[in-house]
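Numbering (our numbering), first residue to last: 3 to 280.
Single-structure report; data block below.
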């Protein structure tokens with residue numbers, strides 16, 4: 003626990019500092035995280051589930067800088083074009099590979115690549131948040147990208163911490179024992195409540211918008227735990243304890259960012275859809 007805390011204390015300033023540096027440096031950093039996640043999943047899948055179609059697997063890596071171009075129709079078309087190009091390249095590579103080697107394993111390779119590409123594409127939610135928003139859901143308040151990323155990240159980290167400590171203190175009823183035996187209903191509720199309180203407090207003190215803050219806190223409190231459970235489900239299916247060992251005390255990239263990547267993607271989509279609607 004001490005090592006985990008020390009690594010987090012060192013890593014959080016790096017994460018926030020990169021975000022403060024600018025949209026493009028942050029997007030490049032997110033691409034590197036997505037690439038690390040690709041390698042982790044590919045290594046786990048390669049054990050007994052065949053190879054990986056890398057053009058599709060790298061979809062998440064490509065989307066992070068494309069998202070940084072902005073939430074505009076042109077930026078959306080760039081992302082769609084990149085995805086189509088990578089899928090087309092993957093199909094061509096599999097045809098050439100089968101013709102050259104005679105191996106008829108295109109289906110599992112493409113399926114594995116699609117799983118990796120789609121899952122790691124959630125990292126693109128972080129640079130999407132870094133773009134900021136013209137207004138919150140209920141308030142006509144412009145929020146900078148740095149504020150939004152920090153806001154969401156603090157809510158996610160709060161959920162994670164309070165779910166752990168509440169579960170340790172008073173947890174009795176198992177939340178999802180077949181997926182993650184250590185998680186409890188009491189811990190999940192404690193993490194959710196803490197996220198709503200912290201999210202509301204940030205919204206109130208930064209922007210005078212308590213309700214908008216609670217919405218972000220509620221989304222983070224629910225989705226961060228869903229993201230964590232999904233990562234645990236994948237690890238159960240793959241028969242591994244952690245995705246990697248890159249981050250001491252935490253495991254791999256996906257072990258550390260499984261919650262934040264899902265929350266950032268959903269929250270940024272909700273905010274940017276609201277921007278377009280206005």
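Note that the Cβ used here is the ideal one computed from N, Cα and C, for glycine as well.
Everything numeric in this text was worked out from a predicted model, so none of it was measured.
Buried/exposed call for residue i, threshold 16 Cβ in 10 Å
i	result
residue 102	exposed
residue 55	buried
residue 218	buried
residue 142	exposed
residue 175	exposed
residue 172	exposed
residue 190	buried
residue 258	buried
residue 111	buried
residue 48	exposed
residue 120	exposed
residue 1	Given that the chain is displayed from residue 3 to residue 280, the structure contains no residue 1 and the question cannot be resolved.
residue 236	buried
Inter-residue spacing [alpha-carbon to alpha-carbon] between residue i and residue j
i	j	result
residue 156	residue 18	11 Å
residue 46	residue 24	33 Å
residue 42	residue 91	22 Å
residue 58	residue 203	41 Å
residue 20	residue 100	43 Å
residue 264	residue 226	7 Å
residue 179	residue 169	13 Å
residue 275	residue 238	35 Å
Where residue i sits in the DSSP three-state scheme
i	result
residue 272	helix
residue 182	strand
residue 242	coil
residue 49	coil
residue 145	strand
residue 253	strand
residue 177	strand
residue 247	coil
Sub-8 Å separation of residue i and residue j beta-carbons
i	j	result
residue 152	residue 134	no
residue 113	residue 62	no
residue 214	residue 260	no
residue 269	residue 154	yes
residue 158	residue 68	no
residue 128	residue 40	no
residue 193	residue 223	yes
residue 255	residue 35	yes
residue 148	residue 211	no
residue 44	residue 118	yes
residue 52	residue 107	yes
residue 26	residue 70	yes
CB-CB length for residue i against residue j, believed under 8 Å
i	j	result
residue 150	residue 131	5 Å
residue 195	residue 187	That belief does not hold up - the Cβ atoms of residue 195 and residue 187 are roughly 12 Å apart, past 8 Å.
residue 267	residue 182	Incorrect: roughly 21 Å between the Cβ atoms, too far for contact.
residue 66	residue 116	That pair is no contact at about 18 Å.
residue 160	residue 200	5 Å
Chain D within 8 Å of residue i, Cβ atoms only
i	result
residue 175	Absent from the structure: chain D. Only one protein chain is present.
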